[in-house]
Structures are given as structure tokens and as C-alpha cells.
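A.B. asks:
2 protein chains.
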Amino acid sequence: MTGLPTYEDVLEAARQIKGEAVRTPLLENDVLNAQLGGRVLIKPECLQRTGSFKFRGAYNRLSRLNEAERAKGVVAFSSGNHAQGVALAARLLGIPATIVMPSDAPAIKAEGVKRFGGTIVPYDRETESREEISARLVEEQGATLVPSYDDIYIMAGQGTVGLEVAEDLTARGLNPDQFVCCTGGGGLIGGSGLAIRQHFPRCELWAAEPEGFDDHKRSLEAGDWVANARKSGSIQDAIITPEPGRLTFQLNRKQLTGAVTASDDDTLRAIAFQWKQLKLVAEPGGSTAFASLFNGQIDTKDKTTVVVVTGGNVDPAIFRQALEFV
Amino acid sequence: MTGLPTYEDVLEAARQIKGEAVRTPLLENDVLNAQLGGRVLIKPECLQRTGSFKFRGAYNRLSRLNEAERAKGVVAFSSGNHAQGVALAARLLGIPATIVMPSDAPAIKAEGVKRFGGTIVPYDRETESREEISARLVEEQGATLVPSYDDIYIMAGQGTVGLEVAEDLTARGLNPDQFVCCTGGGGLIGGSGLAIRQHFPRCELWAAEPEGFDDHKRSLEAGDWVANARKSGSIQDAIITPEPGRLTFQLNRKQLTGAVTASDDDTLRAIAFQWKQLKLVAEPGGSTAFASLFNGQIDTKDKTTVVVVTGGNVDPAIFRQALEFV
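As you go down the protein sequences, you meet chains A and B in turn.
Residue 25 is where the first sequence starts when you use the working numbering, and the numbers rise one by one after that.
Residue 25 is where the second sequence starts when you use the working numbering, and the numbers rise one by one after that.
The structure is reproduced here in C-alpha cells:
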């Protein structure tokens, strides 16, 4: 199904994933608030099943397939978090899953896919096209491709993050000034933005990207799709995408306030802070937004800021590096 | 106020701390369930304010003090988690707090107390009595002593952990077979046990203690208070107490099913698992119950088990050790 999702699609996705996805809490931390001089609400999607928000969209998408489609299986390409989300959703629904995954993906992510019964087809990020490999698999197997962001059900499913945030803020009588979210293809901030803007029309929406991979920032400035110069070379692997999604950016170009960036070291510092104060395990590409609250890109002073920690699938070696910043 | 708390006191405590304490979620993990062959529900109190459940009881207790009592301040003795809970509750309520803390307490805990404005008085675990030091401070300052477990409001406040678990289980239509909880003085399992048994009369209640500090286990067997031989020497510092509490054990001797133990290495392995699969940062003494699901002491096969992860205030050096087990 093509087309852009609406707020109604997000509500429908919430009903579809209820009881399957974890309703993650909205956390607040005294030390964080004091240090940033404002109120910060954290949505820890690292606590989601498979360790990232990706399960939401995957389950919403896969649960709409009919019997014939389910029997032929699904194919997805992903650096690892979408891969794990699809693998688990597929297992729960009894669907065979093949995942096209970069050979430099963190071991913890490949392991997760295998654990949930997915079959991995590795590729080289610099020399091979994951789109072509996936298309061939789809043709050979008659399988359904599950895009990681350019799909109405995927976007709506990820949007349940924003919906839960909006509901929890409302229950606490809070009116957010800004919503900051790690952004790769743009599905999460796109879907979530629908829900946030529905409830809080004046809330700013900020995409957070890795330094050197700021395709949303440059695309928003250009008013058109602008690709990144490089395709790899950051520990923020979860949100390295060639350019903004075809569908997602049609939504995001209208609703985003702008984009900010964080360096790899900024994200290691953010991981250390989350380890120490929030007791959360976050991955680099899940901490980009959090890092942007500390590196001067997002002004939190006297504001109410929502930040999404999108995932926690990090290899031990990277985590040890982050602990050096404690 | 002396006497033992009832279920009504736990309900009252829940009303008192509402909006102040975090309502932590009840998590479930696919990998954990598969590995243990049953359903395990995790109550992550490491996500509580100050990084442990202790804030609940502290806030419940301190918020009952009258104006005159508040002006004279509070005194608490603690290895660090109760200390931080009291320090933050005191700051929120505008009460001066003095904390008597062992000199070998983890640096992260002492730092937390100072950050929340508490004054630390250090003592030597082996040669000095924290009770005597605290009593002297109470006499000199006219301050109120805030016990870490032997107090009806403290027990009732910690019991809100069990109450939230019971509510969330009921909402999901689950009937737990067993509730396993890290146990030092016995306030948390005592208060929580009231709520769990009220909702699920047949649910077993298991105290989890550090190997070599199994005072509850031996006291339950003896039917009387039995002290530990040692007072220190475990990384599970959060739950090292001389013997079961005077008040708490009056409740726990009636309601506990029994006690289990975990070694320091068992808790390091549990920390590693939680890091990898749950994306939670737990401390050794907050992982004792979790560890008992893996070391053969608690049988989880085909059962529904609730486990409380009581805290996450761990020093980086210990955490690095745990990561070796990933």
C-alpha cells in the first residue's frame, strides 16, 4: 500500500500492535533536568521487544499480510534493528523471514536475527546494492518486501511511539516545546510527528542525525532529496541511510522544524550518561537525539523536551569505549 | 509509628507517592522466556528516581513529617540506595538530610547523595556502629531517624512495587506462580508481599540473598532472627544487612515461602544478561533475584515468575567486570 499515513493510521496501528509491542514508559531524571536546565522526558525504545522501536512497524506491516502472502515469506534489508523487528514479528506470525544485512553490522544484531529464526543474506555496504539483492530474492521466492521506512504501515506503526508519548504527556498535564528523534530513513519521526502534532500543534519536531550523514538537514534546506556522500563509517550504524525516504520525506518536509547532528563521540558520552543516570543501555545510533541535547544543538533551557532513545543493540567493545566517558 | 503495615497502608502509600515516584513498567523479554522455559515478568526499579526502589519508601515516610519535624531535618544510615532515596525525597520536601554511609560504599552512591544535597557522615562497616552514630546525630540535632526498613511507612512505600506489579499482571490476565525479590532488611519483599498476596493468594514469595549473607534463609529455618557471620565482603552491597529487620521479619516469617541465594559471579552474569537482552543497567545487589533464576535456585520451567531488579547504582569497574560475561 502506498500513500502517506494519517493520524488515523497511527491510531489503527496502535490497536493492531496492542498486547504485542511493549508500551514503553516516559521517563524523567532529576540529574538530567538539573544539568540541562529544563524538563526532559525520555521515551526509551531500547526497552522495546528486540531492543528497538522497529518491532512496532514490522508487526503492524506483517500482521496485514494475507494467508497466501504469509506462506511465501518476507524479505527485509536492514543494518540490524529493522532486521530483528521483522524476524521476531515474522516468527510470532509464523512467516519465514530472509534478511539482507551489511556484513559490518554489529554482531549483536546479526545474532538477534538468527535467534528469532531469520535467515541472513550478507552484503558489502560499499560495493553491493541491498535493494538489488532484495529485489532478486523477492522475485525468486515470491516473497513480500518489508521496507524499513517507505511504507504506510511501517510509518504508522513507528508512529505509535509518538502516540504513546502524546498520551503520557497529556496524562501528566505537560505541553512539550520540542520532540527530538534519531532519524535514519525518517519513518519514526514521520509517524510520530503525526501524533505529536495532532495533540500539540505547536510542538517543534527535530530530526537528529550523525555528523557527516545529515541528509535530512541538507534535504530540508534544499527542499529536495539530497544524498549523503558516504554510505558507512560511523558507529551510529542504526541511522545511516543513503538519503531521506521517498515517502517519509514527503511527510517530513512538511512537518519537521529542522535537523541537528551529533558526532560519534557525542553519542558515546550520551551512552555514558544514560548508563550512569538513567540505567538504560543505548546504542550510538539510538543516542543521537539524546546527544544533541548536550552538544549545544538543541536548546533545553526552561523548555519541555521529549527525546526518543531509539535502540540499545550495541556491541560490548563500543560500550566499553563509552564507559571511558563516565 | 510502629506496628506492621497492612494492604491498606500500601494503597495509602501509592496515593501518597503518585506523581512523585516513577510508575516503572513490567517488562517481558523473548530471549529470557525462551532461555528459562517459562514466562518472566521483570519489574525494573533501576528505572526509579535515584536508581532504586528506595525513593518510594523514603518519600512516603518523609512526606508524613509535620512542619516542626521537617525543620529539624532527617538522619538515615544506608549503604547508598536508601541514602539517595532519602536525600532526594528530603530535597523535594525542603528537609535537611544527613546520611551515615559506609566508607566502602560505591562512589556512584556517595556522589548521588551529595548531588541531591545530602550531607554524608562516613563510618567503617567493620569497626563502627551506624546505629550509634545515627542515634547521636538524632540526639544532637533533634532530627528524625529514617530507618531503611523497620518502619511502617517505609515498608508500605516499598510495597507499592508489589502493588504496581499486581495491577499490571491483572491488566494482562496473568496469574503469577512466584515473586522473587532481592532482600536486605526485608522491607521491599514485606510490603510487596502484602500486595501480591492480596491479589494472588497462592503466589509464592521468595527472598533472594547474597551467598554468605543468607540471614533470611537461616532465620526462616530457625523461626527466629539469625545474624550473618560477616558484615561486608560482597559486591552485592545494597542488600548486605546484619540480620532480618525487627519489624519486617515479623511480617516476612509469616508470608515468605523461603529464601534463595546467588554468588557475586552469578550477579555479574545476570548484569551481563540484562545489559545485552533487557537494555537495563543493574547493580549486583539489584540482580540477586534475577541471578537466582539462572543458577538453579528458582525453577522457572512452565511457570509465571515475577522478578524485581531493585537497583542500578553500580560503579564502572564492576560493570566492566560484568561485561566480560557477555
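Glycine included, each C-beta is placed from N, C-alpha and C at the ideal position.
Of all Cβ atoms in chain B, is any one closer than 9 Å to the Cβ of Asp323 of chain A?
C.D. replies: It does not; no Cβ of chain B falls within 9 Å.
A.B. asks: If you follow the alpha helix (DSSP H) that Gly97 of chain B is part of, which residue opens it and which one closes it?
C.D. replies: Element bounds for Gly97 of chain B: n/a, residue is neither H nor E.
A.B. asks: May I ask you to report which of helix, strand or coil DSSP gives Ile213 of chain A?
C.D. replies: DSSP places Ile213 of chain A in helix when its eight states are reduced to three.
A.B. asks: Counting only C-beta atoms, is Thr122 of chain A closer than 9 Å to chain C at any point?
C.D. replies: Of the protein chains in this structure, namely A and B, none is chain C.
A.B. asks: If we define contact as Cβ-Cβ less than 9 Å, is Asn53 of chain A a contact residue for chain B?
C.D. replies: At least one chain B Cβ lies under 9 Å of Asn53 of chain A.
A.B. asks: Determine the DSSP secondary structure at Trp249 of chain A, reduced to helix, strand or coil.
C.D. replies: If DSSP states are grouped into helix, strand and coil, Trp249 of chain A belongs with coil.
A.B. asks: Counting C-beta neighbours from all protein chains within 10 Å, is the total for Lys42 of chain B 16 or more, i.e. buried, or is it exposed?
C.D. replies: Per the 10 Å Cβ criterion, exposed.
A.B. asks: Relative to the C-alpha of Leu51 of chain A, which candidate in A:Asp33, A:Arg344, A:Arg254, A:Cys70 has its C-alpha closest?
C.D. replies: If we check each option's Cα against that of Leu51 of chain A, A:Cys70 comes out closest.
A.B. asks: Please confirm whether Lys300 of chain A has its beta-carbon closer than 9 Å to some beta-carbon of chain B.
C.D. replies: Taking Cβ atoms only, chain B reaches closer than 9 Å to Lys300 of chain A, which makes this a yes.
A.B. asks: Near Asp128 of chain B, which residues of its chain fall below 7 Å by C-beta distance, leaving aside the five closest residues on each side in sequence?
C.D. replies: Excluding positions up to five away in sequence, the list reads Arg149, Ser256.
A.B. asks: Between the beta-carbon of Lys300 of chain B and the beta-carbon of Ile132 of chain A, is there less than 9 Å?
C.D. replies: Closer than 9 Å, so yes.
A.B. asks: Just by C-beta distance, which residues in the region 210-234 of chain B are closer than 7 Å to chain A?
C.D. replies: Residues passing the 7 Å Cβ filter: none.
A.B. asks: Touch check for the region 85-96 of chain B and the region 268-277 of chain B: three-plus C-beta pairs under 8 Å?
C.D. replies: They do not touch, by the three-pair rule.
A.B. asks: Decide if the region 180-190 of chain B is in contact with the region 211-231 of chain B; the criterion is three or more beta carbon pairs, one per stretch, under 8 Å apart.
C.D. replies: Result yes; three or more Cβ-Cβ pairs closer than 8 Å.
A.B. asks: Which residues in chain A sit within 7 Å of Gly75 of chain B, going by Cβ to Cβ distance?
C.D. replies: Residues of chain A passing the Cβ test: Lys303.
A.B. asks: Quick one: residues in its chain with C-beta nearer than 7 Å to the C-beta of Gly27 of chain B, no 5 flanking neighbours on either side, listed in chain order?
C.D. replies: Excluding positions up to five away in sequence, the list reads Ile176.
A.B. asks: Jot down the residue ranges of each uninterrupted beta strand (DSSP E) in the region 125-187 of chain A, minimum 3 residues, whole runs only, in chain order.
C.D. replies: Runs of the beta strand (DSSP E) inside the region 125-187 of chain A: 143-147.
A.B. asks: Give the single residue among A:Leu89, A:Gly141, A:Asn90, A:Val145 whose Cα lies nearest to the Cα of Gly109 of chain A.
C.D. replies: It is A:Gly141 whose Cα lies nearest to the Cα of Gly109 of chain A.
A.B. asks: Given a cut-off of 9 Å on the beta-carbon distance, is the pair Ile264 of chain B and Gly320 of chain B in contact?
C.D. replies: No, Cβ-Cβ distance for Ile264 of chain B and Gly320 of chain B is not below 9 Å.
A.B. asks: Which residues does DSSP list as the beta-bridge partners of Pro234 of chain B?
C.D. replies: Pro234 of chain B pairs with B:Ala286.
A.B. asks: Apply the 10 Å Cβ neighbour rule to Pro225 of chain B and answer buried if 16 or more other Cβ atoms are within range, or exposed otherwise.
C.D. replies: Exposed: under 16 other Cβ atoms inside 10 Å.
A.B. asks: For chain B, check one thing: does any of its Cβ atoms lie closer than 9 Å to the Cβ of Cys70 of chain A?
C.D. replies: Yes, Cys70 of chain A counts as interfacial toward chain B.
A.B. asks: On the DSSP bridge assignment, give the partners of Gly335 of chain A in chain order.
C.D. replies: Gly335 of chain A is bridged to A:Ser76.
A.B. asks: Quick check: is the beta carbon of Arg242 of chain A nearer than 9 Å to any beta carbon in chain B?
C.D. replies: No, Arg242 of chain A does not count as interfacial toward chain B.
A.B. asks: If you measure between the beta carbons of Leu86 of chain A and Ala113 of chain A, is that distance less than 9 Å?
C.D. replies: Going by C-beta atoms, Leu86 of chain A is nearer than 9 Å to Ala113 of chain A.
A.B. asks: Identify which residue in B:Ser103, B:Glu152, B:Thr184 has its Cα closest to the Cα of Ile144 of chain B.
C.D. replies: Of the candidates B:Ser103, B:Glu152, B:Thr184, the one whose C-alpha sits nearest the C-alpha of Ile144 of chain B is B:Ser103.
A.B. asks: What number of angstroms, rounded off, separates the C-alpha of Cys227 of chain A from the C-alpha of Lys327 of chain A?
C.D. replies: Rounded to whole angstroms, Cys227 of chain A to Lys327 of chain A spans 11 Å at the Cα level.
A.B. asks: What are the residues in the region 32-59 of chain A lying within 9 Å of chain B by C-beta distance?
C.D. replies: Within the region 32-59 of chain A, the qualifying residues are Gly43, Val46, Arg47, Thr48, Pro49, Leu51, Glu52, Asn53, Asp54, Val55, Ala58.
A.B. asks: Do Asn337 of chain B and Pro68 of chain B come within 9 Å of each other at the CB atom, strictly closer than that value?
C.D. replies: Result no, Cβ atoms of Pro68 of chain B and Asn337 of chain B do not sit closer than 9 Å.
A.B. asks: If contacts are defined as beta-carbon pairs under 8 Å, then Ile295 of chain A and Ala231 of chain A qualify, I think. What distance do you get, rounded to the angstrom?
C.D. replies: Ile295 of chain A to Ala231 of chain A, Cβ: 20 Å. No contact.
A.B. asks: With 9 Å as the threshold, decide whether the Cβ of Gly336 of chain A is near any Cβ in chain B.
C.D. replies: It does; some Cβ of chain B falls within 9 Å.
A.B. asks: The alpha helix (DSSP H) with Pro340 of chain A in it runs from where to where?
C.D. replies: Looking at the DSSP string, the run of the alpha helix (DSSP H) that includes Pro340 of chain A is 340-347.
A.B. asks: According to DSSP, is Lys352 of chain A part of a helix, a strand, or is it coil?
C.D. replies: Because chain A in this structure spans residues 25 to 350, residue 352 of chain A falls outside the shown range and cannot be described.
A.B. asks: Which residues of chain B have a Cβ atom closer than 7 Å to the Cβ of Phe237 of chain A, listed in chain order?
C.D. replies: The contacting residues do not exist; Phe237 of chain A stays about 24 Å from chain B at best.
A.B. asks: Starting from the beta carbon of Leu350 of chain A, find every residue of chain B whose beta carbon is closer than 8 Å, and list them in chain order.
C.D. replies: One detail in the question is off: residue 350 of chain A reads as Val in this sequence, not Leu. The answer, in chain order, is Pro340.
A.B. asks: Flag Phe140 of chain B as yes if its beta-carbon sits less than 9 Å from any beta-carbon of chain A, otherwise no.
C.D. replies: Judged by the 9 Å Cβ criterion, Phe140 of chain B is in contact with chain A.
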